[in-house]
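**Student:** Okay, here's the structure, questions in a sec.
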Amino acid sequence: MKKFIPTIFFITLGLVALVWAYSFYAKATNLVQNGGKATGTVTLVMGVPGNRRTYRPIIDFTAADGSTVKFTSDFAENPPQFQVGDKAEVVYDKNNPKDAEVNQWPNLYYHAFTASVIAMILLCFGILDLTIGIKLRSKKSPSK
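Under our numbering, the first residue of the sequence shown carries the number 4, and numbering increases by one thereafter.
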C-alpha cells in the first residue's frame, strides 16, 4: 500500500485541480452567456501587490440598472493590457455587477486554462507512477 501513496497523492491532487479548473471555466462561461455587457473605461492601471511587474486595470462601467460600478480585473500582465482612458467591453453578473471581468479570452479563461494544465501534469505523474509501479511489481513476481 505504501508504494501507492505517491500515485494516490498525484491523482487526488490532479482531480482536485481538474474540479478547480472546471469551476473557473463554468463561472466564466456563465458570465459570458448570461451576464450583462457594458463598455467600461479604464480609470487606473495598478501593479499587483507584492509583484510590481504585472498590472491589472481598474475599470468603471454603468450596469443595466444605471448604477456605476468599479472593479479590478483578476487578470494581470506585463506589459499592461490597457492604459488609463482606454475603453473595454465588460461582462458582469446581473445580480452582482461587481462580479465583472473584461470580455476577452485571457481575462475570462486564463485561470481555468492554468488550473487544467496543472491538473494534466499531476494526473500524468500519477498515471506514470502507477504504470511504473505495476511494471516493477510484475518483474518482481516469480514467473511460472
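By construction, the Cβ of each residue, glycine as well, lies at the ideal position given by its N, Cα and C atoms.
I'd like to know whether the C-beta atoms of ASN98 and GLU104 end up nearer to each other than 8 angstroms.
**Tutor:** As a first step, residue 98 is located in the sequence shown; it is residue number 95 there, counting from the start. As a first step, residue 104 is located in the sequence shown; it is residue number 101 there, counting from the start. Contact: no.
**Student:** In the DSSP assignment, the alpha helix (DSSP H) including ASN81 goes from what residue to what residue?
**Tutor:** Position 78 of the sequence shown, counting from 1, holds the residue named residue 81. Segment: none, ASN81 is in no alpha helix (DSSP H) and carries neither H nor E.
**Student:** State the DSSP-derived secondary structure class of PRO9, mapped to helix, strand or coil.
**Tutor:** For this step, residue 9 is matched to residue 6 along the sequence shown. In this structure, PRO9 counts as helix in the three-state DSSP scheme.
**Student:** Going by C-alpha to C-alpha distance, which of SER119, ASP77, THR65, LEU139 sits closest to PRO100?
**Tutor:** Against the sequence shown, residue 100 aligns to sequence position 97. PRO100 has its Cα closest to that of THR65, out of SER119, ASP77, THR65, LEU139.
**Student:** Once you ignore the five residues that flank TYR112 on each side, which residues in its own chain have a CB closer than 6 angstroms to its CB?
**Tutor:** As a working mapping, residue 112 is identified with position 109 in the sequence shown. So the list reads ALA31, once near-sequence residues are dropped.
**Student:** For LEU21, which residues from the same chain have a beta carbon less than 6 angstroms from its beta carbon, with the 5 sequence-adjacent residues on both sides left out?
**Tutor:** As a first step, residue 21 must be located in the sequence shown, where it is residue number 18. Closer than 6 angstroms at the Cβ level, and outside the excluded window around LEU21, lie ALA122.
**Student:** Looking at the unbroken beta strand (DSSP E) that takes in ALA91, where does it start and where does it end?
**Tutor:** What you label residue 91 is simply residue 88 of the sequence shown in a count that begins at 1. Taken as a continuous stretch (DSSP letters only), the beta strand (DSSP E) holding ALA91 covers 90-96.
**Student:** So is ASP68 buried or exposed if we call it buried at 16+ other beta carbons inside 10 Å?
**Tutor:** Taking the first residue of the sequence shown as position 1, residue 68 is located at position 65. Counting Cβ neighbours within 10 Å, ASP68 comes out exposed, since fewer than 16 surround it.
**Student:** Report the three-state DSSP secondary structure of VAL22 (helix, strand or coil).
**Tutor:** Position 19 of the sequence shown holds residue 22. Helix at VAL22.
**Student:** Going by DSSP, what residues sit across from VAL51 in a beta bridge?
**Tutor:** On the sequence shown, residue 51 is found 48 positions in, with the first residue counted as 1. DSSP lists ASN54 as partners of VAL51.
**Student:** If we ignore side chains and look at the alpha-carbon of each, how far apart do PHE13 and ILE124 end up?
**Tutor:** Stepping through the sequence shown from its first residue, residue 13 is reached at position 10. Stepping through the sequence shown from its first residue, residue 124 is reached at position 121. Taking the straight line joining both Cα atoms gives about 9 angstroms.
**Student:** Nearest-angstrom Cα distance between ALA79 and GLN107?
**Tutor:** The residue you call residue 79 lines up with position 76 of the sequence shown. The residue you call residue 107 lines up with position 104 of the sequence shown. Each residue's alpha carbon lies about 13 angstroms from the other.
**Student:** Since LYS40 sits in a beta bridge, which residues does DSSP pair it with?
**Tutor:** As a first step, residue 40 is located in the sequence shown; it is residue number 37 there, counting from the start. LYS40 is bridged to VAL94.
**Student:** If distances are taken between C-alpha atoms only, which option among SER26, LEU139, GLY43, VAL87 comes closest to TYR58?
**Tutor:** Position 55 of the sequence shown, counting from 1, holds the residue named residue 58. Comparing Cα positions, the closest option is VAL87.
**Student:** Thinking LEU34 and VAL72 are a contact (beta carbons under 8 angstroms), I'd like their distance in whole angstroms, please.
**Tutor:** Within the sequence shown, numbered from 1, the residue matching residue 34 stands at position 31. Within the sequence shown, numbered from 1, the residue matching residue 72 stands at position 69. Incorrect: roughly 14 angstroms between the Cβ atoms, too far for contact.
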